[in-house]
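So the sequence shown is residues 311 to 424, counted in our numbering.
Following: one structure in structure tokens, then a few remarks.
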Amino acid sequence: MSVPINPAPKNTIKSILNYQWIVMNIGFFLFLAFIAILYIANGHLTDKTIRRINTTQRELKVLQFEYKTIKSELMRRSRAIEVQTAMEPYGLVVSKEMPIRLAIENKIKKPIKN
Numbered sequence: 311m312s313v314p315i316n317p318a319p320k321n322t323i324k325s326i327l328n329y330q331w332i333v334m335n336i337g338f339f340l341f342l343a344f345i346a347i348l349y350i351a352n353g354h355l356t357d358k359t360i361r362r363i364n365t366t367q368r369e370l371k372v373l374q375f376e377y378k379t380i381k382s383e384l385m386r387r388s389r390a391i392e393v394q395t396a397m398e399p400y401g402l403v404v405s406k407e408m409p410i411r412l413a414i415e416n417k418i419k420k421p422i423k424n
């Protein structure tokens, strides 16, 4: 037993999409178009921000490597033996005598407060 299927009348689509209905809902359509434009613009802005973040991260890695290289070079150059060898051409050598301690007497008298 088969049940006959009644096709929907063709006039229902025409009745839904008639001119008056479109005119009445034009504000809603414009709102939807505006939301779609905002959605697309937000996607582009997000992509641009992600690209900038990735570029900054790459630059940061390069600068970290450069910092570590310079720091290790400075540590090597600031060792006592390296400083001594660098100053020999200028005639500066490490003294073999102990440094002399100077004693300064405080001769300034503080005024007495009454």
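The beta-carbon is built from N, C-alpha and C at its ideal position, and this holds for glycine as well.
Using the three-state DSSP reduction, which class does glutamate 383 fall into: helix, strand or coil?
helix
Backbone secondary structure at asparagine 352 - three-state DSSP:
helix
N-terminal and C-terminal residue of the alpha helix (DSSP H) that alanine 396 is part of
390–397
Along the chain, where does the alpha helix (DSSP H) containing methionine 334 start, and where does it finish?
329–334
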